[in-house]
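To start, the structure itself, in C-alpha coordinates.
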Amino acid sequence: MDKKPCNSQDVEVRKGPWTMEEDLILINYIANHGEGVWNSLAKSAGLKRTGKSCRLRWLNYLRPDVRRGNITPEEQLLIMELHAKWGNRWSKIAKHLPGRTDNEIKNYWRTRIQKHIKQAENMNGQVANSEQNDHQEGSSSHMSSAGPAETYSPTSYSANIDTTLQGPFLTETNDNIWSMEDIWSMQLLNGD
0 MDKKPCNSQD
10 VEVRKGPWTM
20 EEDLILINYI
30 ANHGEGVWNS
40 LAKSAGLKRT
50 GKSCRLRWLN
60 YLRPDVRRGN
70 ITPEEQLLIM
80 ELHAKWGNRW
90 SKIAKHLPGR
100 TDNEIKNYWR
110 TRIQKHIKQA
120 ENMNGQVANS
130 EQNDHQEGSS
140 SHMSSAGPAE
150 TYSPTSYSAN
160 IDTTLQGPFL
170 TETNDNIWSM
180 EDIWSMQLLN
190 GD
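Just so you know, numbering that gives the first Met the number 0 puts 92 at position 93 of the sequence shown, and the rest follows in order with no gaps.
Spelled out as C-alpha coordinates, the structure:
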(Lines of atoms letter the chains of each structure in order from A and count residues from 1; the text may use other names and numbers.)
(Lines give C-alpha, C1' and ligand atoms only; values in the text may rest on other atoms or scores of the structure.)
Protein backbone atom coordinates (compact mmCIF):
# COMPACT_ATOMS: atom_id res chain seq x y z
CA MET A 1 0.00 0.00 0.00
CA ASP A 2 1.54 3.29 -1.10
CA LYS A 3 1.51 6.16 1.32
CA LYS A 4 0.28 9.39 -0.21
CA PRO A 5 0.17 12.79 1.40
CA CYS A 6 -3.02 13.15 3.40
CA ASN A 7 -3.09 16.85 2.67
CA SER A 8 -2.87 18.53 -0.72
CA GLN A 9 -0.56 21.12 0.85
CA ASP A 10 2.09 18.51 1.69
CA VAL A 11 5.07 19.04 -0.59
CA GLU A 12 7.96 16.76 -1.39
CA VAL A 13 10.83 17.69 0.94
CA ARG A 14 14.16 18.14 -0.77
CA LYS A 15 17.13 16.36 0.78
CA GLY A 16 20.81 16.33 0.01
CA PRO A 17 23.26 19.14 -0.69
CA TRP A 18 22.02 22.70 -0.79
CA THR A 19 22.18 24.52 -4.09
CA MET A 20 23.52 28.04 -4.51
CA GLU A 21 19.99 29.17 -5.40
CA GLU A 22 18.58 27.74 -2.15
CA ASP A 23 21.34 29.45 -0.16
CA LEU A 24 20.53 32.78 -1.78
CA ILE A 25 16.79 32.35 -1.15
CA LEU A 26 17.45 31.63 2.52
CA ILE A 27 19.93 34.52 2.90
CA ASN A 28 17.56 36.98 1.22
CA TYR A 29 14.55 35.82 3.22
CA ILE A 30 16.36 36.16 6.55
CA ALA A 31 17.83 39.53 5.49
CA ASN A 32 14.31 40.83 4.78
CA HIS A 33 12.29 39.08 7.48
CA GLY A 34 14.77 37.97 10.14
CA GLU A 35 14.99 34.60 11.81
CA GLY A 36 11.80 33.16 13.13
CA VAL A 37 9.92 29.93 13.52
CA TRP A 38 12.00 27.77 11.22
CA ASN A 39 9.21 25.50 9.95
CA SER A 40 7.12 28.45 8.81
CA LEU A 41 10.23 30.24 7.54
CA ALA A 42 11.02 27.33 5.21
CA LYS A 43 7.51 27.42 3.75
CA SER A 44 7.30 31.22 3.56
CA ALA A 45 10.66 31.44 1.80
CA GLY A 46 9.47 28.92 -0.77
CA LEU A 47 12.13 26.36 0.12
CA LYS A 48 11.25 22.69 -0.12
CA ARG A 49 13.35 21.99 2.95
CA THR A 50 12.49 21.21 6.54
CA GLY A 51 12.69 23.93 9.14
CA LYS A 52 15.51 22.04 10.83
CA SER A 53 17.49 21.90 7.60
CA CYS A 54 17.06 25.66 7.09
CA ARG A 55 18.08 26.39 10.69
CA LEU A 56 21.22 24.25 10.49
CA ARG A 57 22.20 25.67 7.10
CA TRP A 58 21.85 29.22 8.41
CA LEU A 59 23.56 28.68 11.75
CA ASN A 60 26.44 26.54 10.51
CA TYR A 61 27.21 28.00 7.08
CA LEU A 62 25.39 31.14 6.00
CA ARG A 63 25.31 33.39 9.07
CA PRO A 64 27.51 36.46 8.45
CA ASP A 65 29.39 36.08 11.73
CA VAL A 66 30.45 32.46 11.14
CA ARG A 67 34.24 32.31 10.98
CA ARG A 68 35.82 30.32 8.20
CA GLY A 69 39.33 29.06 7.99
CA ASN A 70 41.73 27.21 10.18
CA ILE A 71 41.33 26.87 13.91
CA THR A 72 44.08 29.00 15.42
CA PRO A 73 46.54 27.61 17.99
CA GLU A 74 44.86 29.79 20.63
CA GLU A 75 41.42 28.41 19.71
CA GLN A 76 42.83 24.88 19.75
CA LEU A 77 44.20 25.35 23.24
CA LEU A 78 40.91 26.85 24.42
CA ILE A 79 38.96 23.94 22.92
CA MET A 80 41.20 21.49 24.76
CA GLU A 81 40.92 23.34 28.06
CA LEU A 82 37.13 23.69 27.82
CA HIS A 83 36.74 20.06 26.74
CA ALA A 84 38.74 19.01 29.80
CA LYS A 85 36.35 21.08 31.90
CA TRP A 86 32.99 20.32 30.24
CA GLY A 87 33.49 17.22 28.11
CA ASN A 88 31.48 16.96 24.88
CA ARG A 89 29.25 19.96 25.58
CA TRP A 90 29.99 21.51 22.20
CA SER A 91 27.38 24.28 22.34
CA LYS A 92 28.74 25.46 25.66
CA ILE A 93 32.30 25.37 24.31
CA ALA A 94 31.24 27.22 21.12
CA LYS A 95 29.93 30.14 23.18
CA HIS A 96 33.54 30.84 24.19
CA LEU A 97 34.79 30.81 20.58
CA PRO A 98 32.97 33.66 18.78
CA GLY A 99 32.07 32.82 15.20
CA ARG A 100 32.78 29.11 15.56
CA THR A 101 29.88 26.67 15.49
CA ASP A 102 29.34 23.79 17.87
CA ASN A 103 29.39 21.37 14.95
CA GLU A 104 32.67 22.77 13.62
CA ILE A 105 34.29 22.44 17.05
CA LYS A 106 32.97 18.90 17.51
CA ASN A 107 34.26 17.88 14.07
CA TYR A 108 37.63 19.51 14.73
CA TRP A 109 37.88 17.68 18.05
CA ARG A 110 37.02 14.30 16.57
CA THR A 111 39.10 14.55 13.40
CA ARG A 112 42.17 16.34 14.72
CA ILE A 113 42.67 16.37 18.46
CA GLN A 114 41.03 13.12 19.59
CA LYS A 115 42.60 11.15 16.75
CA HIS A 116 46.05 12.57 17.51
CA ILE A 117 45.73 11.89 21.24
CA LYS A 118 44.79 8.26 20.54
CA GLN A 119 47.81 7.90 18.26
CA ALA A 120 50.06 9.40 20.93
CA GLU A 121 48.59 7.07 23.56
CA ASN A 122 49.22 4.09 21.28
CA MET A 123 52.81 5.19 20.70
CA ASN A 124 53.35 5.71 24.41
CA GLY A 125 51.77 2.33 25.10
CA GLN A 126 54.18 0.70 22.66
CA VAL A 127 57.12 2.46 24.31
CA ALA A 128 55.90 1.38 27.74
CA ASN A 129 55.47 -2.21 26.55
CA SER A 130 58.93 -2.16 24.99
CA GLU A 131 60.45 -0.84 28.22
CA GLN A 132 58.57 -3.44 30.24
CA ASN A 133 59.83 -6.22 27.95
CA ASP A 134 63.39 -4.91 28.21
CA HIS A 135 63.10 -4.81 31.99
CA GLN A 136 61.69 -8.35 32.14
CA GLU A 137 64.53 -9.63 29.95
CA GLY A 138 67.03 -8.03 32.30
CA SER A 139 68.29 -5.59 29.70
CA SER A 140 68.37 -1.95 30.65
CA SER A 141 70.24 -0.75 27.58
CA HIS A 142 67.02 0.43 25.89
CA MET A 143 65.41 1.95 28.97
CA SER A 144 64.48 5.58 28.77
CA SER A 145 65.89 7.84 31.42
CA ALA A 146 62.62 9.76 31.34
CA GLY A 147 60.82 7.03 33.23
CA PRO A 148 57.44 5.55 32.39
CA ALA A 149 55.59 6.73 29.33
CA GLU A 150 53.47 9.78 29.86
CA THR A 151 49.73 9.24 29.55
CA TYR A 152 47.20 11.76 28.28
CA SER A 153 44.32 12.88 30.40
CA PRO A 154 42.00 15.85 30.02
CA THR A 155 44.04 17.80 32.55
CA SER A 156 47.34 17.23 30.76
CA TYR A 157 46.26 18.72 27.41
CA SER A 158 47.70 22.18 27.83
CA ALA A 159 50.98 20.87 29.23
CA ASN A 160 51.46 18.73 26.12
CA ILE A 161 50.18 21.10 23.46
CA ASP A 162 53.62 22.03 22.11
CA THR A 163 54.78 18.46 21.58
CA THR A 164 51.50 16.65 20.97
CA LEU A 165 49.66 18.87 18.53
CA GLN A 166 52.11 19.75 15.81
CA GLY A 167 51.79 19.23 12.10
CA PRO A 168 48.53 18.89 10.21
CA PHE A 169 46.34 20.35 12.93
CA LEU A 170 47.07 23.93 12.10
CA THR A 171 47.34 23.58 8.33
CA GLU A 172 43.87 22.32 7.41
CA THR A 173 42.26 24.28 4.60
CA ASN A 174 38.61 24.85 3.91
CA ASP A 175 38.91 25.30 0.13
CA ASN A 176 35.62 23.49 -0.48
CA ILE A 177 33.59 25.90 1.65
CA TRP A 178 32.04 29.08 0.28
CA SER A 179 32.99 32.23 2.07
CA MET A 180 30.35 34.86 2.75
CA GLU A 181 32.17 37.08 0.24
CA ASP A 182 31.63 34.38 -2.42
CA ILE A 183 27.93 34.14 -1.61
CA TRP A 184 27.43 37.91 -1.55
CA SER A 185 29.31 38.36 -4.84
CA MET A 186 27.13 35.66 -6.42
CA GLN A 187 24.09 37.45 -5.10
CA LEU A 188 25.28 40.73 -6.66
CA LEU A 189 25.86 38.99 -10.01
CA ASN A 190 22.27 37.73 -9.94
CA GLY A 191 21.06 41.30 -9.45
CA ASP A 192 19.46 40.65 -6.04
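C-beta: ideal position from N, C-alpha, C; glycine also.
- Along the segment 14-95, the alpha helix (DSSP H) occurs as fully enclosed runs of 4 or more residues at 19-32, 37-43, 50-56, 72-85, 89-93, listed in sequence order.
- Where I104 is concerned, the enclosing alpha helix (DSSP H) starts and stops at 101-107.
- Taking C-beta separations shorter than 8 Å and ignoring five residues to either side along the sequence, the partners of I78 in its chain run I70, I92, L96, I104, Y107, W108, I112, following chain order.
- At a Cβ-Cβ threshold of 8 Å, E11 and K42 do not count as neighbours.
- Just measuring C-alpha positions, the residue of G35, Y60, S39 sitting nearest T18 is Y60.
- R99 places its beta carbon 8 Å or farther from that of E73.
- Cα atoms of R88 and L23: separation of roughly 31 Å, rounded to the nearest angstrom.
- Close CB contacts of N38 within its chain, under the 6 Å cut and outside five residues either way in sequence, are with G50 (chain order).
- Across the structure, I26 and W57 are spaced so that their CA atoms are roughly 8 Å apart.
- With 16 or more neighbouring CB atoms inside 10 Å of its own CB, S52 falls in the buried class.
- If you draw a straight line from the Cα of G33 to the Cα of G68, it comes to about 26 Å.
- Looking only at H82, A119, N121, the smallest Cα-Cα distance to D101 is reached by H82.
- Q125 has its alpha-carbon roughly 27 Å from the corresponding atom of E80.
- Around the beta carbon of E20, fewer than 16 other beta carbons sit within 10 angstroms, so the residue counts as exposed.
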